[in-house]
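Student: Sending over a structure as structure tokens; questions will come in a sec.
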Amino acid sequence: MLIGLASTMIVARLLTPDQIGTFAIASAIVMVISEFRLLGAGMYLVRESEMTEEKVRAALGLTMLISWGMGIGIWLSAIPVSELYDLPPVATIFTILSVSFFLAPFISIPAAMLTREFRFRELFFIRLGTSLSNLISTVVLIHMGYTYYALAWGYTFSVVVEFLIILTFMPARIRWQPSFRNLKPIASFGIYNSLAGFFRRGVVTAPDMIIGKLGTTAQVGLFSRGLGFIEFMSQILLMGVKPVVLPFLSEVQRTGKDVNQAYIGATVLLGGFVWPVLAVASVVSLPVIRLFFGDQWDAAAPFATMLAYWAMFRTVHWFSSDLLVARGKERLMVLKEGVMFVLYCIGIVAAYPHGLVYVAGSFAVVGFLDFMFTTILLGTFLNLEIIAFFHAWIGNTLITGVCWSSAWGIYQIGKQWFDGTAIPFLAVACLLPLIWVSSIFLIRHPLKNEVVNGWMWFINKFRSGAF
8 MLIGLASTMI VARLLTPDQI GTFAIASAIV MVISEFRLLG AGMYLVRESE
58 MTEEKVRAAL GLTMLISWGM GIGIWLSAIP VSELYDLPPV ATIFTILSVS
108 FFLAPFISIP AAMLTREFRF RELFFIRLGT SLSNLISTVV LIHMGYTYYA
158 LAWGYTFSVV VEFLIILTFM PARIRWQPSF RNLKPIASFG IYNSLAGFFR
208 RGVVTAPDMI IGKLGTTAQV GLFSRGLGFI EFMSQILLMG VKPVVLPFLS
258 EVQRTGKDVN QAYIGATVLL GGFVWPVLAV ASVVSLPVIR LFFGDQWDAA
308 APFATMLAYW AMFRTVHWFS SDLLVARGKE RLMVLKEGVM FVLYCIGIVA
358 AYPHGLVYVA GSFAVVGFLD FMFTTILLGT FLNLEIIAFF HAWIGNTLIT
408 GVCWSSAWGI YQIGKQWFDG TAIPFLAVAC LLPLIWVSSI FLIRHPLKNE
458 VVNGWMWFIN KFRSGAF
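Here it is, written out as structure tokens:
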């Protein structure tokens, strides 16, 4: 994620909002379609209690059929889509991005097996190599004058590198011999998982597609930057634990333990960390965006402030899809994601005539509805104890309130004395971690034990000379 941040920072200074907006429109459409190219085969392999070579080969065969077909479809639709948006460069970007669909089967299936076997060290090196190759190739191509095409070629080159690296770590049981028999169990699971992924990805890409049609590419670029900033803040905190959650909940389900209690505990620990960070980000969005991306993106700060509240509501049930999959409730997962996707799209269209700030505000409103709807859904169909869930989140709410009010006070006072400098932001960045830790110990939040364990681990490593 840090490499991704570095890449975003560099690209934001090398390209204009208009150029980034052009790429965002094309990539948004392709990324949404990409949710179907695997048809949930990877998730199916992670969830299965008993794994056989035939199941792996069938997953590979199904993925090849779907992904290659979609790659051809994207290539053929390049010109019609560019005409729809009246943006000729979209056709070329579409063609370049379609290459990844032909390599996807040979990446996703081995990656799923590595995830199933908890081989996260190998997955880390795969992501590291992919991110570095994307960064280097994109920056070089931008300096060569390829502008938004550099983003497409950089992504495609990184996919090739990912494929080459994954060959090194590929589990021994993987054979490049696809099977086209017994596809129905995988497809029946995958269609729900892919639909849910389509709706989830659609939430963050819909603004690019809708604003791109209703407005300008510059508006797309600015809103995409505000949303991208909040997405980065969320993902850097969430992605480290996301790959572990489905295998963990599936294991709890297989061993007959209480999955709901495990879910509540996981959400509380995550929320105690993510909520305060996002709350503080809503306060200091302007200086952070200016520091990371440059002052040409200042107009994105108000969007980021509103979108931070949306991200907070969304992270409450960040693991809900994993819980539903672990409990075999894929249809409910699709229902939840589909209803919310429709509401987000309606909100964007209705709010756009009033300005992009209102579009960001519509995200926050629908995010709250998403939170409430998911809570009721889990309580009704999975017997999640709603009262116990809200009670468990009281501590997170208190800590977030303390951190938000402290950040706001420190930042406002700092602006009065040092306006126009980075000192107010630096003061928030230095003091808030101490306030957060103090709040955790004061209310005896479950994260207290994790902080203590982390501190003891650091001390032991320091004494042993590991640092």
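Numbered according to our numbering, the sequence shown spans residues 8 to 474.
We put the CB at the ideal spot given by N, CA and C, even for glycine.
(1) Runs of 4 residues minimum, wholly inside the segment 99 to 172: which ones carry the alpha helix (DSSP H) assignment?
(2) Report yes or no: do three or more beta-carbon pairs, one from the segment 104 to 112 and one from the segment 34 to 54, lie closer than 8 Å?
(3) Name the residue from T175, T428, V275 whose alpha carbon lies nearest to the alpha carbon of E129.
(4) Across the segment 215 to 233 and the segment 17 to 25, are there enough close Cβ pairs to call them in contact, namely three or more that are closer than 8 Å?
(5) Ignore the nearest five residues each way along the sequence and tell me which others in V146's own chain have a CB closer than 7 Å to its CB.
(6) CA-CA distance, V356 and M347?
(7) Who are the near neighbours of G136 in its chain, counting only those whose CB is closer than 8 Å to its CB and skipping five residues on each side?
(8) How long is the line joining the alpha carbons of A307 and G233, rounded to whole angstroms?
(9) Could you tell me whether the segment 76 to 90 touches the segment 108 to 122, where touching means 3 or more Cβ pairs closer than 8 Å?
(10) Going by beta carbon distance, what residues of the same chain come within less than 6 Å of H452, once the five residues before and after it are set aside?
(11) Report the residue ranges of all alpha helix (DSSP H) runs contained in full by the segment 321 to 396; include only those spanning at least 4 residues, in chain order.
(12) Could you compute how far the alpha carbon of T12 sits from the alpha carbon of F239?
(13) Helix, strand or coil, according to DSSP, for Q303 in the structure here?
(14) In whole angstroms, give me the CA-to-CA distance for T382 and H324.
(15) I'd like to know if the segment 394 to 401 and the segment 417 to 433 are in contact, where contact means that at least 3 CB-CB pairs between them fall below 8 Å.
(16) Given a cut-off of 9 Å on the beta-carbon distance, is the pair P431 and V291 in contact?
(17) Among residues of its own chain, excluding the 5 on either side of T102, which ones have a beta-carbon nearer than 7 Å to its beta-carbon?
(18) Between the C-alpha atoms of G408 and P283, what's the straight-line distance to the nearest angstrom?
(19) Using the three-state DSSP reduction, which class does G68 fall into: helix, strand or coil?
(20) Reducing DSSP to helix, strand and coil, say where S186 ends up.
(21) Taking all protein chains shown into account, do 16 or more other C-beta atoms lie within 10 angstroms of the C-beta of P360, making it buried, or fewer, making it exposed?
(22) List the endpoints of the continuous alpha helix (DSSP H) containing V39.
(23) Helix or strand or just coil, what does DSSP make of T428?
(24) Measure the alpha-carbon distance for I114 versus S74 and round it to whole angstroms.
(25) Evaluate W462 with the Cβ neighbour count: other Cβ atoms within 10 Å of its Cβ, from every protein chain shown; 16 or more gives buried, anything less gives exposed.
(26) Hey, could you find the ends of the alpha helix (DSSP H) R451 is sitting in?
(27) Does the segment 389 to 396 come close enough to the segment 443 to 460 to have 3 or more Cβ pairs within less than 8 Å?
(28) Are the beta-carbon atoms belonging to G228 and A31 less than 9 Å from one another?
Tutor: Working from what's here:
(1) 106 to 110, 112 to 123, 127 to 150
(2) yes
(3) For the purposes of this step, residue 129 is taken as the residue at position 122 of the sequence shown. Measuring from the Cα of E129, the nearest candidate turns out to be T175.
(4) yes
(5) Counting from one through the sequence shown, the residue named residue 146 turns up at place 139. Once the five neighbours on either side are set aside, the close Cβ partners of V146 are I17.
(6) Position 349 of the sequence shown, counted from the start, is the residue given in the question as residue 356. Position 340 of the sequence shown, counted from the start, is the residue given in the question as residue 347. For V356 and M347, the distance between alpha carbons rounds to 14 Å.
(7) The count along the sequence shown starts at 1 and reaches residue 136 at position 129. Excluding positions up to five away in sequence, the list reads V168, E169, I172.
(8) Within the sequence shown, the letter at position 300 stands for residue 307. Within the sequence shown, the letter at position 226 stands for residue 233. If you take the alpha carbons of A307 and G233, they lie about 5 Å apart.
(9) yes
(10) As a first step, residue 452 must be located in the sequence shown, where it is residue number 445. Answer for H452: G279, G402, listed in chain order.
(11) 327 to 333, 337 to 358, 363 to 388
(12) Here the question's residue 12 lines up with position 5 in the sequence shown. Here the question's residue 239 lines up with position 232 in the sequence shown. A quick correction: the sequence has Leu, not Thr, at residue 12. Going from the Cα of L12 to the Cα of F239 covers about 8 Å.
(13) Taking the first residue of the sequence shown as position 1, residue 303 is located at position 296. Helix, per DSSP.
(14) As a first step, residue 382 must be located in the sequence shown, where it is residue number 375. As a first step, residue 324 must be located in the sequence shown, where it is residue number 317. Cα to Cα, the separation comes out at about 8 Å.
(15) no
(16) Here residue 431 refers to the residue found at position 424 of the sequence shown. Here residue 291 refers to the residue found at position 284 of the sequence shown. Yes, Cβ-Cβ distance for P431 and V291 is below 9 Å.
(17) The residue given as residue 102 occupies position 95 in the sequence shown. Within the same chain, T102 has close Cβ partners W82, A85.
(18) For the purposes of this step, residue 408 is taken as residue 401 along the sequence shown, with counting starting at 1. For the purposes of this step, residue 283 is taken as residue 276 along the sequence shown, with counting starting at 1. C-alpha separation (whole angstroms): 8 Å.
(19) Here residue 68 corresponds to residue number 61 of the sequence shown, with the count starting at 1. Three-state DSSP puts G68 in a helix.
(20) The residue labelled residue 186 in the question sits at position 179 within the sequence shown. Correct three-state label for S186: coil.
(21) Position 353 of the sequence shown, counted from the start, is the residue given in the question as residue 360. The residue is exposed, with fewer than 16 neighbouring Cβ atoms inside 10 Å.
(22) Here the question's residue 39 lines up with position 32 in the sequence shown. Its alpha helix (DSSP H) spans residues 24 to 40.
(23) By 1-based counting over the sequence shown, the position of residue 428 is 421. The answer is coil: DSSP assigns T428 none of H, G, I, E or B.
(24) Locating residue 114 in the sequence shown gives position 107, counting from the first residue. Locating residue 74 in the sequence shown gives position 67, counting from the first residue. The straight-line gap from Cα to Cα measures roughly 12 Å.
(25) Here residue 462 refers to the residue found at position 455 of the sequence shown. Exposed, because fewer than 16 other Cβ atoms sit within 10 Å of the Cβ of W462.
(26) For the purposes of this step, residue 451 is identified with residue 444 of the sequence shown, where counting begins at 1. Careful: R451 lies outside any alpha helix (DSSP H) and carries neither H nor E.
(27) no
(28) Indexing the sequence shown from 1 puts residue 228 at position 221. Indexing the sequence shown from 1 puts residue 31 at position 24. In this structure, A31 lies closer than 9 Å to G228 by Cβ.
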